[in-house]
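In what follows, a structure is listed as structure tokens, so that the remarks can point back to it.
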Amino acid sequence: ALLIYPNKPGMILGLAGVLALQGKSEEAIELMERGLPISINEKQKATTRATLCFLYLKCGRKDKAEALAAELPHTRESREVIQPLISQGLNDSEIDRNVRIILLGE
Numbered sequence: 009a010l011l012i013y014p015n016k017p018g019m020i021l022g023l024a025g026v027l028a029l030q031g032k033s034e035e036a037i038e039l040m041e042r043g044l045p046i047s048i049n050e051k052q053k054a055t056t057r058a059t060l061c062f063l064y065l066k067c068g069r070k071d072k073a074e075a076l077a078a079e080l081p082h083t084r085e086s087r088e089v090i091q092p093l094i095s096q097g098l099n100d101s102e103i104d105r106n107v108r109i110i111l112l113g114e
């Protein structure tokens, strides 16, 4: 799909979400960073930013996670929810659970 629609943010961010759920964090981060600036869908952008916080954390980029979390809106994808989780230091299983909650609402 990305070959046919290389600059379609929905396709890019959708694939990034699938990669995140599969545990392919670095690949997911690359696509999210590529798709986020071209997306005009605010919900899509909020979900992507929130997911990126946890993916950054999983990949050892706590500073990036904290900086992005500080900019999040006030919802389950908010700084009030995500910053304390980042600060407490989550293991990979807890990070994966939070990615699922954000992406799937589980």
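In short: position in the sequence shown from 1, add 8, done, that's the working numbering.
Don't be surprised by glycine CBs; every beta carbon is placed ideally from N, CA and C.
C-alpha gap between residue i and residue j, whole angstroms
i: Leu-98; j: Leu-65; result: 8 Å
i: Ile-109; j: Phe-62; result: 11 Å
i: Asp-100; j: Ile-37; result: 16 Å
i: Gly-68; j: Leu-39; result: 18 Å
i: Ala-24; j: Glu-35; result: 7 Å
i: Gly-18; j: Ser-95; result: 31 Å
i: Glu-79; j: Arg-87; result: 7 Å
i: Thr-55; j: Lys-72; result: 16 Å
i: Asn-106; j: Asn-49; result: 22 Å
i: Gly-113; j: Lys-70; result: 24 Å
i: Gly-115; j: Lys-51; result: Past the edges of the chain, shown from 9 to 114, lies residue 115, and the structure says nothing about it.
i: Leu-27; j: Arg-57; result: 15 Å
Beta-carbon spacing of residue i, residue j below 8 Å
i: Leu-60; j: Lys-53; result: no
i: Ile-90; j: Ala-77; result: yes
i: Ile-20; j: Arg-42; result: yes
Integer-rounded CB distance, given that residue j should sit under 8 Å from residue i
i: Leu-29; j: Leu-111; result: 6 Å
With 16 other Cβ atoms within 10 Å as the buried cut-off, status of residue i
i: Ile-46; result: exposed
i: Ser-33; result: buried
i: Leu-103; result: The identity of residue 103 in the sequence shown is Ile, whereas the question assumes Leu. That one is buried.
i: Leu-15; result: Here residue 15 is Asn; the residue named in the question, Leu, does not match the sequence. So Asn-15 ends up on the exposed side.
Completely contained alpha helix (DSSP H) runs for the region 55 to 107, where each covers 4 or more residues: Segments of the alpha helix (DSSP H) lying fully in the region 55 to 107: 70 to 77, 87 to 96.
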